[in-house]
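Residue numbers (the working numbering): 9 to 685. Below you'll find the structure, written out as structure tokens, and then a few comments.
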């Protein structure tokens, strides 16, 4: 029987029993890009490994040599010398390839092929279309010329409020080509959430749509953009990409420039690439903490190029000519990852809209028709298909599909079995876990390894991932904190508006100085596989989209009826997602159905439709520490079944009796037959 950390959630011992569902053939392994890389290591460096575990061990013990091998194997285009590889190993503050200059977009377009499309684009309600490499290059060149006309220079920020379509990709590549910094929010995000992100970075240009389609409905964003422009004085140009409502209402945004006009004006522009320092900012992405504004994390050109080549080519075996579709809006890091597929010579498939519209079969039929080879999605999508009794193999043969990647939350063992029984028996199902923080994976997959139900195949190459107990000691076959003990090229360079780096250090390095603590519960088995048990902090990971609790509080507590609130995410090892919100109301206010609906509507419209709570509870007061902080993590542990004495000390609280309600609720939630559905 496994032993476990006394403060972590207890693992289900049954999950430790290997249940191998699929094993790659020798031909599969030999044809993989990882096998090609290993043959190259043998030929060029005389290095041979008898297992993936041995290769991984070498990659983390000889970090400089490993990342230099990635640089050489993929023939990175750059000026300067790749030595030294790692000028400083300190975390935070590691410095990679300080004597080089390169450009992300240049690496994308060196893959250009006339024989296959760069993009396949499906917008809800429209027929899919292919975008050639030449057409994508021309769009990119035209928009880059437009940005230069508008005075955009390296380091300026360009923000997007666009759906998942070809123009969004071209705009991002244009920014990167000249050294501007990209930042994207999805149009289903409400104005408060978007403003909290973009106000921090003061964009010079905003790309926006007036409307978009989702689930068979058209959603108006005209007024939302108006509100943003009123509050973002830094924006000097608004590039308008027309949506389905564009012809029904005049769009009179200030400093407006029509996308089509920009394309026509620079139809013959040549695409130029500014080679930039390795750590020149490429994009700003957002991952929320529990207090304050979302963290604005900056990744660099070089770190993303190297990491995405390694991750997508070697770990996920994305090959030239493959077609990768990863479900996710433009505000989730999987959008950035799927664009990285272009670096490998693969075709990126953009799927904008509800994958279950007009019916549950729509996405699977689309993948069958368009020859998708690698499909990525949130675990919630697969589990929803399973719960609906869907059997894609009955209506979609999916002959091209080689792999499914599942992320965002742990994939249940039942869902593993459902994929092999209902989708395809000869398939590589890979559960992966990483984050916005690193724009890739910590623990993921490798093409030569078997698939075991409920387990993640391996730690990624070059990723020194371990499980630490509370004392900061590495443990095996125990549940502990996921930590990274050595630097990675795609760790954030810094947080925007965090001049002294304090927030960066507090986010990852406060618990174990010099070691990155990610905030996930994880167990590494003796076989090198891993099991993720959910978040160890209070960040909400709702259907694969992370959001800080502060963003929920901001919109809930501005309601006059609400005095205080607390929200926790009870997702844990594949159990049904359950998000309870606890509110303290003003005197005389009643929590009736109308107020619950109003609170849910406030969250849906101003924060995120994905983060509407499953249930809203009335409490007398919110548990707080002596310093006044909401006790989110202790409440979450309590509701997941951890005994009260192990989650909170009354002496450290302002109001210890406030936990009585949560103790009673925990008993209800963890009694068989009464758990939330």
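Where is the CB? At the ideal position from N, CA and C, for every residue including glycine. Only a predicted model underlies this, so the values are computations on that prediction, with no experimental measurement involved.
Would residue i and residue j qualify as a contact pair, given that the criterion is a beta-carbon distance under 9 Å?
{"i": "residue 316", "j": "residue 348", "result": "yes"}
{"i": "residue 217", "j": "residue 229", "result": "yes"}
{"i": "residue 138", "j": "residue 365", "result": "no"}
{"i": "residue 262", "j": "residue 237", "result": "yes"}
{"i": "residue 455", "j": "residue 43", "result": "yes"}
{"i": "residue 87", "j": "residue 103", "result": "no"}
{"i": "residue 71", "j": "residue 472", "result": "yes"}
{"i": "residue 60", "j": "residue 314", "result": "no"}
{"i": "residue 167", "j": "residue 143", "result": "no"}
{"i": "residue 686", "j": "residue 170", "result": "The chain is shown only over 9 to 685; residue 686 falls outside these bounds and no answer can be derived."}
{"i": "residue 420", "j": "residue 384", "result": "no"}
{"i": "residue 99", "j": "residue 524", "result": "yes"}
{"i": "residue 215", "j": "residue 267", "result": "yes"}
{"i": "residue 567", "j": "residue 624", "result": "no"}
{"i": "residue 477", "j": "residue 462", "result": "no"}
{"i": "residue 520", "j": "residue 512", "result": "no"}
{"i": "residue 484", "j": "residue 534", "result": "yes"}
{"i": "residue 622", "j": "residue 587", "result": "yes"}
{"i": "residue 289", "j": "residue 163", "result": "yes"}
{"i": "residue 539", "j": "residue 611", "result": "no"}
{"i": "residue 416", "j": "residue 447", "result": "no"}
{"i": "residue 376", "j": "residue 423", "result": "no"}
{"i": "residue 4", "j": "residue 329", "result": "Outside the modelled stretch of the chain, which goes from 9 to 685, sits residue 4, for which no answer is possible."}
{"i": "residue 183", "j": "residue 160", "result": "yes"}
{"i": "residue 390", "j": "residue 409", "result": "no"}
{"i": "residue 356", "j": "residue 333", "result": "yes"}
{"i": "residue 270", "j": "residue 150", "result": "yes"}
{"i": "residue 173", "j": "residue 358", "result": "yes"}
{"i": "residue 590", "j": "residue 627", "result": "yes"}
{"i": "residue 331", "j": "residue 380", "result": "yes"}
{"i": "residue 208", "j": "residue 302", "result": "yes"}
{"i": "residue 490", "j": "residue 536", "result": "no"}
{"i": "residue 312", "j": "residue 500", "result": "no"}
{"i": "residue 116", "j": "residue 351", "result": "yes"}
{"i": "residue 443", "j": "residue 452", "result": "no"}
{"i": "residue 661", "j": "residue 633", "result": "yes"}
{"i": "residue 514", "j": "residue 549", "result": "no"}
Spatial neighbours of residue i within its chain, please: C-beta separation below 6 Å, excluding the five flanking residues on both sides.
{"i": "residue 670", "result": "643, 646"}
{"i": "residue 597", "result": "569"}
{"i": "residue 667", "result": "631"}
{"i": "residue 20", "result": "Low confidence applies to residue 20: its pLDDT is 42, below 50, so where it sits in the model is not reliable, and the reading given next is rough at best. No residues qualify anywhere along the chain."}
{"i": "residue 254", "result": "218"}
{"i": "residue 4", "result": "A question about residue 4 goes unanswered here, because the residues of the chain that appear run from 9 up to 685."}
Check the C-beta distance from residue i over to residue j and give it rounded, since I have them as a contact under 8 Å.
{"i": "residue 572", "j": "residue 592", "result": "4 Å"}
{"i": "residue 430", "j": "residue 400", "result": "6 Å"}
{"i": "residue 30", "j": "residue 437", "result": "7 Å"}
{"i": "residue 105", "j": "residue 93", "result": "6 Å"}
{"i": "residue 152", "j": "residue 186", "result": "6 Å"}
{"i": "residue 492", "j": "residue 532", "result": "The pair is not a contact, with the Cβ atoms about 13 Å apart (cut-off 8 Å)."}
On the DSSP bridge assignment, give the partners of residue i in chain order.
{"i": "residue 488", "result": "530"}
{"i": "residue 183", "result": "The partner list for residue 183 (beta bridge, DSSP) is empty, contrary to what the question assumes."}
{"i": "residue 442", "result": "449"}
{"i": "residue 393", "result": "In the DSSP output, where bridge partners are listed per residue, residue 393 has none listed."}
{"i": "residue 87", "result": "109"}
{"i": "residue 285", "result": "109"}
{"i": "residue 209", "result": "Bridge partners of residue 209: none, in fact."}
{"i": "residue 341", "result": "BP columns for residue 341 are empty, so no partner."}
{"i": "residue 169", "result": "193, 216"}
Give me, in chain order, the residues of the same chain whose beta-carbon lies closer than 7 Å to that of residue i; leave out the 5 immediate sequence neighbours on both sides.
{"i": "residue 67", "result": "74, 469, 470"}
{"i": "residue 96", "result": "102, 103"}
{"i": "residue 13", "result": "With a pLDDT of only 30 at residue 13, under 50, the local geometry of the prediction cannot be trusted, and the value read off the model is given with reservation. Contacts found: 477, 478, 486, 487, 488."}
{"i": "residue 615", "result": "198, 200, 201, 559, 560, 563"}
{"i": "residue 509", "result": "100, 502"}
{"i": "residue 223", "result": "362, 365"}
{"i": "residue 210", "result": "165, 242"}
{"i": "residue 546", "result": "298, 557, 576, 640, 641, 644"}
Quick one: is the Cβ of residue i within less than 8 Å of any heavy atom of the ligand SAM?
{"i": "residue 475", "result": "Looking at this structure, you won't find the ligand SAM or any other ligand, since it has none at all."}
Only counting the same chain, and skipping five residues up and downstream in sequence, which positions put a Cβ closer than 8 Å to that of residue i?
{"i": "residue 22", "result": "With a pLDDT of only 35 at residue 22, under 50, the local geometry of the prediction cannot be trusted, and the value read off the model is given with reservation. So the list is empty, once near-sequence residues are dropped."}
### Query
Taking only runs of the alpha helix (DSSP H) that begin and end inside the segment 355 to 389, which ones reach a length of at least 4 residues, in chain order?
If one requires a minimum length of 4 residues, the alpha helix (DSSP H) runs lying completely within the segment 355 to 389 are 370 to 378, in chain order.
### Query
What are the start and end residues of each continuous alpha helix (DSSP H) run of 4 or more residues lying completely inside the segment 547 to 614, in chain order?
You should have 557 to 564, 601 to 614.
### Contiguous alpha helix (DSSP H) assignments of at least 4 residues, all confined to the segment 17 to 71
Segments of the alpha helix (DSSP H) lying fully in the segment 17 to 71: 34 to 39, 41 to 53, 60 to 69.
### Message
Quick check on the DSSP output: what are the complete beta strand (DSSP E) runs of length 3 or more inside the segment 299 to 327, in order along the chain?
### Response
Secondary structure in the segment 299 to 327: the beta strand (DSSP E) runs of 3 residues or longer, each lying completely within the stretch, are 303 to 308 in chain order.
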